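Chemist: With positions in the sequence shown counted from 1, the corresponding number in our numbering is that position plus 34. Ideal placement from N, C-alpha and C gives every residue a C-beta, glycine not left out. Computed from a predicted model, the values in this text were never measured in an experiment. Here it is, the structure in full.
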Amino acid sequence: MNISIVTIIVALLAIVLAWKLLKGLVKTVALLGILVIAALFIFGGGL
Numbered sequence: 035m036n037i038s039i040v041t042i043i044v045a046l047l048a049i050v051l052a053w054k055l056l057k058g059l060v061k062t063v064a065l066l067g068i069l070v071i072a073a074l075f076i077f078g079g080g081l
C-alpha cells in the first residue's frame, strides 16, 4: 500500500477523533495541525 494513502487514512482518523473529542479553539488548532502535518508529510516527502 502506498505511504500517501496510509497517511491520508491516518489523518482522516485523527480528524474524526479531534472532531468528536475536542471543542472550540482547541478543536480548530488540532484540525489545522493535523492538516498541516499530513500535507507536509505527503507533499514534502516526510518529516
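(1) Determine the direct distance from the alpha carbon of L55 to that of L65, and round the result to whole angstroms.
(2) Cβ atoms of S38 and I76: under 8 Å apart, would you say?
(3) Quick check on DSSP: helix, strand or coil for L74?
(4) Quick one: what does DSSP say L56 is sitting in, helix, strand or coil?
Modeler: Taking the structure as given:
(1) 12 Å
(2) yes
(3) helix
(4) coil
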